[in-house]
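If you're matching positions, the sequence shown starts at 13 in this note's numbering and goes up one per residue.
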Amino acid sequence: MGKKETKKYSDIPVQQTNASEPSGIYGDINAMKVQLVNRIMRIDEPEELNSVLEFVKERIAQKDKFEQEWEQGLTVEDFRIQCKRKLKEMYARN
């Protein structure tokens, strides 16, 4: 019988250099890069600048809305207390 060869693997971790999801869903990445560079080069045009400003305003509004909703939120304990109180009210009427 011949000597059986075993594969040896390196102990050095290999850094992943590719995306975990397929890029096909985003379209051609090079076309996206060209589109982005073209938009950046035209940033001094009013419609491009307005587009960027509208995007920023929308993001700020979303952030403010999230923060307001967060402040209005309940803790789990407060929610439990309110539910318990409401159930007592419902059963007290019957």
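We put the beta carbon where it would ideally sit given N, CA and C, even for glycine. Quick caveat: nothing in here was measured; it's all calculated off a predicted structure.
Could you give the first and the last residue of the continuous alpha helix (DSSP H) run that contains Ile72?
If you number the sequence shown from 1, residue 72 lands on position 60. Unbroken alpha helix (DSSP H) run through Ile72: Pro58 to Gln84.
Backbone secondary structure at Gln90 - three-state DSSP:
Position 78 of the sequence shown, counted from the start, is the residue given in the question as residue 90. Gln is not the amino acid found at residue 90; the sequence shown has Asp there. Asp90: helix per DSSP, three-state reduction.
For Lys19, the first and last residue of its enclosing alpha helix (DSSP H):
Stepping through the sequence shown from its first residue, residue 19 is reached at position 7. Counting along the chain, Lys19 falls outside any alpha helix (DSSP H), and DSSP gives it neither H nor E.
Helix, strand or coil at Arg54 according to DSSP, with G and I counted as helix:
As a working note, residue 54 is residue 42 in the sequence shown. Coil at Arg54, not helix or strand.
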